[in-house]
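**Student:** Let me give you the structure first, and then I'll get to my questions.
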């Protein structure tokens, strides 16, 4: 009987090892917790198409939008840890929601295995053309002269676009009204129609509208100007120091995913990121390539979590 048990255990071990070594041998599902058409979706689709070539298997982008990305993150946190269900991790559900939602369905630091960070998305402050502000300084002055009259949209309560503008309010003391939407795309519809006047979000989704003259870019919330629109100043150049916000995109897997699978994914992402054509594709969308391995990515998330915790407390933001 003992020999039979040992043999069975050896078979299970062999099967697990073989499965991990053969990974991937079927399509991978990539969960995006944000609505189609937003910055995360645009970057995720470009990334998935190229990573599919590296891994030799289809990568299916599966949108599970809602609750600021929490629905998609929760799905991956409870998925089978075999490497076939992955998450495009972003600030909102991973670094911000833990400080806003009292009973979150997952622990960002315990229920996920970090695979790799692959990009940072600079944010940009834009206004509808009807707003009489050519610079960020003009907008601050206008808001001060009309407290409570201007409205800013966001992709949802406590998401990065929301906190981006809350940080601006905190740094400048202006009084503008928050209007949350169910995703970035519907927020932009009202922004383009002038129903909200101010928006702060990632370059990929806003660039076409800025270029087409439908929105006016006032400042980039990054340490340096964005290559595709070098004429737009940084927030520091515009006179608001400490106002630096960017979104990030990284791959997370369920906790307990085999290290061999994590290593295979990380190697493929690193190979992809080193290709000039991938970096050029990101830059064409206003996105910066930033590659971190599993340990570095985990440390990055911890720093981001600590940073946004301070912003949430200062703005007294709660879940709705």
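Numbering (this note's numbering), first residue to last: 28 to 347.
Glycine residues also receive a C-beta, built at the ideal position from the N, C-alpha and C atoms.
Do we get a CB-CB distance below 8 Å when we pair residue 330 with the residues of chain C?
**Tutor:** In the structure shown, chain C does not exist; there is a single protein chain.
**Student:** With which residues is residue 316 paired in a DSSP beta bridge?
**Tutor:** In the DSSP output, where bridge partners are listed per residue, residue 316 has 146.
**Student:** Opposite residue 12 in the DSSP bridges: which residues?
**Tutor:** The requested residue 12 does not occur in the structure, where the chain is confined to residues 28 to 347.
**Student:** By the three-class DSSP mapping on this structure, what secondary structure does residue 35 have?
**Tutor:** Residue confidence is low: residue 35 scores 49 on pLDDT, short of 50, so the model does not pin down where it sits. Its coordinate-derived value is still stated next. Residue state, collapsed to three classes: helix.
**Student:** Nearest to residue 331 by CA position, among 260, 298, 175 and 272, is which residue?
**Tutor:** 272
**Student:** In chain order, what residues of the same chain lie with their CB nearer than 8 Å to the CB of residue 281, ignoring the 5 residues before and after it?
**Tutor:** 103, 104, 105, 106, 107, 108, 112, 138, 139 and 140
**Student:** Quick one: what does DSSP say residue 45 is sitting in, helix, strand or coil?
**Tutor:** Any reading at residue 45 is ruled out, since the residue's pLDDT is 46, under 50, leaving its predicted position unreliable.
**Student:** For residue 193, does the count of other Cβ atoms within 10 angstroms reach 16, so buried, or fall short, so exposed?
**Tutor:** buried
**Student:** Determine the extent of the alpha helix (DSSP H) in which residue 72 is found, giving its start and end residues.
**Tutor:** 66-82
**Student:** Among the candidates 318, 92, 201 and 146, whose CA atom is the shortest distance from the CA of residue 179?
**Tutor:** Comparing Cα positions, the closest option is 201.
**Student:** What distance in whole Å lies between the Cβ atoms of residue 71 and residue 82, which are believed to be in contact at a cut-off of 8 Å?
**Tutor:** Separation of the CB atoms of residue 82 and residue 71 is rounded to 15 Å, and the pair is thereby denied contact status at 8 Å.
**Student:** Along the chain, where does the alpha helix (DSSP H) that runs through residue 236 open and close?
**Tutor:** Counting along the chain, the unbroken alpha helix (DSSP H) around residue 236 starts and ends at 230-238.
**Student:** On the criterion of 16 or more Cβ atoms from any shown chain inside 10 Å, does residue 188 qualify as buried, or is it exposed?
**Tutor:** Result: buried.
**Student:** Assign residue 173 to buried or exposed, taking buried as 16 or more other Cβ atoms, counted over all protein chains shown, within 10 Å of its Cβ.
**Tutor:** exposed
**Student:** Reducing DSSP to helix, strand and coil, say where residue 90 ends up.
**Tutor:** strand
**Student:** Which one or two residues does DSSP pair with residue 277 in a beta bridge?
**Tutor:** 116 and 144
**Student:** Identify the residues that DSSP records as bridge partners of residue 207: which are they?
**Tutor:** 181
**Student:** Report the rounded CA-to-CA distance for residue 124 versus residue 131, giving the unit in angstroms.
**Tutor:** 8 Å
**Student:** Which one of 100, 49, 60 and 145 has the shortest CA to CA distance from residue 73?
**Tutor:** For the residues 100, 49, 60 and 145, the minimum Cα distance to residue 73 belongs to 145.
**Student:** Using beta-carbon positions only, say whether residue 127 and residue 185 come within less than 8 Å of one another.
**Tutor:** yes
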